[in-house]
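Counting in UniProt numbering, the final residue of the sequence shown is number 107, and the numbers go up one at a time with none missing.
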Amino acid sequence: MDDLMTRARERSISMGQPVSSSGGSSSTVEAAMLERSQARAREKVSVRAMAHSLIVVCGDGARGVTMRHIARCLDQDLPDDVLFWLKVRNQIDWLMRTSRREGDSIQ
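Here it is in structure tokens:
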């Protein structure tokens with residue numbers, strides 16, 4: 001059992017996650033936030049790429065989709081995700097505002 005705990009602790013340290021022997025809730029929250037930010041970094045989805053994809057898929061409804069994501073993240077208390085979706089919304093607003101010639105697609 002001690003060997004298993006040691007391996008788990010070493011794995012957490014190598015992944016850059018905080019290790020707590022008390023198992024307190026604040027360290028759990030910090031670990032969860034770190035895990036989410038690491039997951040976002042691994043995904044490497046840029047704001048511009050997400051905005052472009054939403055415009056291609058949803059067209060004029062892309063802004064509404066981002067607003068729903070923002071509301072969901074606020075309800076779930078995910079500040080990093082809220083910031084990401086706000087940036088996506090701003091990028092969509094900018095892309096949708098740019099002038100287009102007759103026959104040009106939105107993207």
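Built from N, CA and C at the ideal position, the CB exists for glycine as well. Predicted model only: the values in this text are computed from it and were never measured.
Measure the alpha-carbon distance for residue i versus residue j and round it to whole angstroms.
| i | j | result |
| --- | --- | --- |
| L95 | R89 | 10 Å |
| R97 | A49 | 17 Å |
| H69 | D80 | 12 Å |
| V56 | E30 | 36 Å |
| D60 | M67 | 13 Å |
| V82 | Q76 | 10 Å |
| L86 | S27 | 27 Å |
| G23 | A62 | Annotation note: pLDDT 48 at G23 (below 50); position unreliable, no value reported. |
Given a threshold of 16 other Cβ atoms within 10 Å of its Cβ, counted over all protein chains shown, does residue i qualify as buried or as exposed?
| i | result |
| --- | --- |
| A71 | exposed |
| L74 | exposed |
Report the CB separation of residue i from residue j in whole angstroms; it is logged as a contact under 8 Å.
| i | j | result |
| --- | --- | --- |
| A32 | I92 | Actually they do not touch by this definition, with Cβ atoms about 28 Å apart. |
| V65 | L54 | 6 Å |
Figure out for me which residue from the options has the closest Cα to the Cα of residue i.
| i | options | result |
| --- | --- | --- |
| F84 | V56, V45, T28 | V45 |
| L34 | L78, A62, K87 | L78 |
- Message: Quick check for students: name the residue ranges of the alpha helix (DSSP H) that lie wholly in the stretch 45–77, counting only runs of 4 or more.
- Response: Whole alpha helix (DSSP H) segments, 4+ residues: 47–58, 62–75.
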